[in-house]
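In terms of the numbering used here, the first sequence opens at residue 870 and continues consecutively.
Even for Gly, the Cβ is constructed at its ideal location relative to N, Cα and C.
See below for the structure under consideration.
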Amino acid sequence: MRRLESSATFLRGHISRRIFTVPTATLNRLINDHLRDGGLVEARMLFNQNRTSLDVSTWNTMILAYVQRGLMLEAHQVFDQMPVRDVVSWNTMFMGLKKTKDTETVLRLFIEMRRSGLIPDELTIPAIIDAVSGPGFKVLVLQIHTLAIRLGLSLNVYTGSALLRGYTSLRDLRGLERVFEEILLKDVVSWNVLIMGYMKLGFVEDGERAFSEMPERNIITWHTMLIGYINNMEMDKARDFFDKMSQRNVFSWTVMINGYVQSREYKVALLLFREMVESWSNRPSHYTFSTVLKACAASSSLLMGRQVHSMITKRGMACDIVLSTSLIDMYAKSGDITAASHVFKSMPVKNPASWNSMIGGLARHGLGVEALKEFERMVQCGYKPDQVTFINLLSACAHAGLVEEGEKQFMLMGRFGITAEKEHYACMVDLLARAGQLDKAERLINGMPFAPDFVIWGALLGACGLHSCLELGEVAAKGISRLRREHPAAYDVLCRVHGEKGDWTSVMELRRLMRKTKAKKQDASSWIE
DNA sequence: CTAGGGTTAG
């Protein structure tokens, strides 16, 4: 070992003067040593000085170093300069690109790889499958499966598990089961992916069957089942399963708590969180905190929210940008706009999301002018507003009755490269209709590039109730009836929104409609937040 | 020299 080190020092001194041709094995080891110690720059220097005599594996090591640090531009640059590429070079690039979700490049490179005549191996398909997973890629998944069969790769666990994901994304149950059968030696991961597939396709019983049949399980197996139950809205089964888990970690707790949040059982979520904290079994992570803050926000649990805030501070997580943003939202939604703004001001680094929750909070409190000011500041500070920013801004104008200002901002959205979507139109309809400009609101609806949705009719209906405009209200009510299949949860929100304003006429009207259309509170996904 | 599966904000 000593000898190796001294020879390394010796070599380092001479390499820069290019006196010796260093054996590639030694060079590779040296570069690896640098990389292990975090000396990327030194590694790159050594690398550059010996470019001509490097072998493929050293090039690959260099690519990997950049990929692991998320520096895809640099990785790509090295990759492009390689005199010879092997399958590892391609795989390493694919894996890096997968993390950045650059599916375009993955696809392009994969085709290029095929053209170059190199044969994919058992790690290639796992690395590229995400790029073709999604609607619109049916043929591609089938082609890749065919290719895998032709190369004998579908027998492999790695490739097989990847193909399972591919078929899951196609919502193809038969394909899923066929691929699983093809795998020669199934391991825990492949079983887990199978269960995940069953659960995602809604075949809970098949998932349960697989769970009981599999030879061994790990904690991820349990989590896959848990998440499966939750996403299939089987909350009782989920909780039962959670209680029976032989081992639990922060992840398990967080998933269960988040499950309750998703199914809008905020109080239960908070109870479970309390249980978690009091049992001292696992410390909440920032995932846990952000989920819990959402529950606080949704249920206006200010006291609990404050407690969570102090826990976050004690853990030294106060500067976490996600948590701060959740805190702002929580305070704003539970009525303490001062605390929200305090958190916001104390943030050393902000991002568009944090500005959005601040502006949204001001809007919620009817502080339209302040919201506008904050928006100006956001732009001045160089942050790029997005769709959500404008939803918040327009709703701020609507709540504060700033009609002209709202119309102006609506027109100016394009300057930031944002095209008006349904939500923006909904805000504008709300804005105009509340102000009594019902004709203008109706004209806006008729001129929209898409069919009016639930929210838009709801905004119009609410205002019609407010201004006792029966004729147009009838139109809106009919519009809603046609759309009753969509977003049953939206009724709820509408009731709340109009209830807050003391606008009881429209609330009654909506309640009546709810009964009439038998709306169920089953849609757990949020539609505006 | 690569390594497939599970959770977070507006």
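Contact belief for residue i with residue j at Cβ below 8 Å, rounded distance in angstroms
| i | j | result |
| --- | --- | --- |
| R1196 | L1172 | Before going further, note that residue 1196 is Leu rather than Arg in the sequence given. Not quite, the Cβ-Cβ distance comes to about 14 Å (not below 8 Å), so this is no contact. |
| G1003 | S958 | About 26 Å separates the two Cβ atoms, so there is no contact after all. |
| M941 | L966 | 7 Å |
| V1073 | E1103 | 6 Å |
| F1259 | H1293 | 6 Å |
| G1071 | M1094 | Actually they do not touch by this definition, with Cβ atoms about 14 Å apart. |
| V936 | T961 | 6 Å |
| L1271 | G1237 | 5 Å |
| Y1200 | G1174 | 7 Å |
| I1190 | T1157 | I1190 to T1157, Cβ: 17 Å. No contact. |
| A934 | A912 | 6 Å |
| L1330 | A1345 | 4 Å |
| G1348 | W1326 | 4 Å |
Closest residue to residue i among the options (Cα-Cα distance)
| i | options | result |
| --- | --- | --- |
| V953 | E1290, V1010, R920 | R920 |
| R1086 | N1100, M1068, S1115 | S1115 |
| F1285 | A1138, P1004, Q1256, E1077 | Q1256 |
| F916 | R938, T893, A1328, Q937 | T893 |
| L976 | D999, K1347, K1219 | D999 |
| G1035 | N1101, Y1252, L1063, W1326 | L1063 |
| A996 | K1007, G1021, T969, A1232 | T969 |
| N1261 | G1251, V1248, L1241, C1250 | L1241 |
| D1041 | K1007, R1019, C1266 | K1007 |
| S1154 | I1096, L1070, Y935, I1181 | I1181 |
| V1119 | N1100, K1106, V1218, W1149 | W1149 |
| E1152 | H1178, R1184, T1160 | Before going further, note that residue 1152 is Arg rather than Glu in the sequence given. Nearest C-alpha to R1152: R1184. |
| C1266 | I1287, W928, R1303 | R1303 |
| N1225 | S922, P1254, E1239, V1238 | P1254 |
| S1170 | V1324, S1081, L1139 | L1139 |
| A1232 | C1250, F1110, A1269, A1222 | A1269 |
| M1216 | M1186, T1160, S1059 | M1186 |
| S1168 | N1220, Q1131, L1192 | Q1131 |
| M1145 | R1133, H903, F1111 | F1111 |
Cβ-based burial, residue i [other Cβ within 10 Å; buried from 16]
| i | result |
| --- | --- |
| V1376 | Unreliable placement is indicated for V1376, whose pLDDT of 49 sits below 50; the coordinate value is still reported in the next sentence. Counting Cβ neighbours within 10 Å, V1376 comes out buried, since at least 16 surround it. |
| L1053 | exposed |
| D1299 | buried |
| G1066 | buried |
| Q946 | exposed |
| C825 | This structure leaves residue 825 out entirely; the chain is present only between 870 and 1398. |
| S1404 | Missing from the structure shown is residue 1404; the chain here goes from 870 to 1398 and no further. |
| G1128 | buried |
| I980 | exposed |
| M1202 | At residue 1202 the sequence reads Lys, which differs from the Met that was named. With 16 or more other Cβ atoms within 10 Å, it is buried. |
| E1369 | The pLDDT assigned to E1369 is 42, lower than 50, so where the model puts this residue is not dependable; a value taken from the coordinates is nonetheless given after this. By the neighbour-count rule (16 or more Cβ atoms within 10 Å), E1369 is not buried but exposed. |
| E1147 | exposed |
| D1205 | buried |
| I1099 | buried |
| T993 | buried |
| T895 | exposed |
| C1250 | exposed |
| T1160 | buried |
| V1324 | buried |
| H1367 | Reliability of the predicted coordinates at H1367 is poor, the pLDDT of 48 falling under 50, and the value obtained from them is presented with this limitation in mind. H1367 comes out buried. |
| L1339 | exposed |
| V1248 | exposed |
| request: Determine contact between the region 1047–1055 and the region 1025–1034, defined as no fewer than three beta-carbon pairs at a distance below 8 Å. | output: yes
| Counting only runs that start and end within the region 1154–1210, where is the alpha helix (DSSP H) found for 4 or more residues in a row? | 1155–1168, 1171–1183, 1190–1202
| field | Whole alpha helix (DSSP H) elements within the region 918–980, 4-residue minimum | value | 925–937, 941–950, 956–969
| Is there contact between the region 1311–1320 and the region 1263–1279, where contact requires at least three CB pairs shorter than 8 Å? | no
| alpha helix (DSSP H) runs contained entirely in the region 1016–1089, provided each spans 4 or more residues | 1026–1038, 1042–1051, 1057–1069, 1073–1082
| Start-end ranges of the alpha helix (DSSP H) lying completely within the region 1129–1157, minimum 4 residues | 1135–1148
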